Amino acid sequence: MDENELEQVYNELIMEHSMNSYNKKKLAGVPDFCEIGHNPNCGDEITLEIKMNGNVIEDLAFSGHGCAISQASTSIMIDTLKGKTVEEAKEIISTFIGMIKRETKSEEELRKLEDAIAFRNVANMPARVKCALLAWHTLEDILNGKK
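So for the sequence shown, our numbering puts the first residue at 14; every next one is plus one.
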């Protein structure tokens, strides 16, 4: 698959998650953690809900509003991190943030991101960087506060 074809697949993935996210819902029962992420620059706002099972992220969901990038990034983050341990999630979050900030370029490192690699080119759109990072920073704050 050449680079243009890959870019098209990534764009379709982002659009699918932004328009039809099955992760945009409330968790059943009471979540273990609930945090609001807000981007004052554009008004994007999400509420992340997390259900833990010991040290494993058992389930995540989100609600809120925002641009296609923030909504898709949140949904894909959920797919990527569900079932991971807190340590694994922190490592993947760090890799995603590094990719968006152009600090992580190793293909081997980026493979950990699974479908979240679709946001690789957001680094070329400075106005969209905070949109793509909103959910990731919100979850990072939750996990860093968790003992």
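Yeah, the Cβ is synthetic: ideal placement off N, Cα and C, and Gly gets one too. This structure is a prediction, so every number in the text was calculated from the model and none was measured.
- Within the DSSP secondary-structure output, Val-69 pairs in a beta bridge with Asn-66, Thr-98.
- C-alpha of Ala-136 to C-alpha of Ala-145: approximately 9 Å in a straight line.
- By the criterion of at least three beta-carbon pairs nearer than 8 Å, the region 61 to 68 is in contact with the region 150 to 159.
- The three-state secondary structure of Glu-48, taken from DSSP, is strand.
- The shortest CA-to-CA distance from Ala-148 to any of Glu-25, Asn-52, Gly-42 is the one to Asn-52.
- In the structure shown, Gly-79 adopts coil according to DSSP, grouped into three states.
- Arg-124 has its alpha-carbon roughly 15 Å from the corresponding atom of Glu-116.
- The three-state reading of DSSP puts Lys-103 in helix, counting H, G and I together.
- Relative to the Cα of Phe-75, the nearest Cα in the group His-150, Glu-29, Asn-36, Met-28 belongs to Asn-36.
- Listed in chain order, the non-local C-beta contacts of Asp-128 below 7 Å within the same chain comprise Leu-26, Ile-89, Asp-92, Thr-93, local neighbours out to five positions each way being set aside.
- By alpha-carbon distance to Leu-40, the top candidate from Glu-121, Ala-131, Asp-72 is Asp-72.
- A residue is called buried when at least 16 other Cβ atoms come within 10 angstroms of its Cβ; Ile-130 meets this threshold and is buried.
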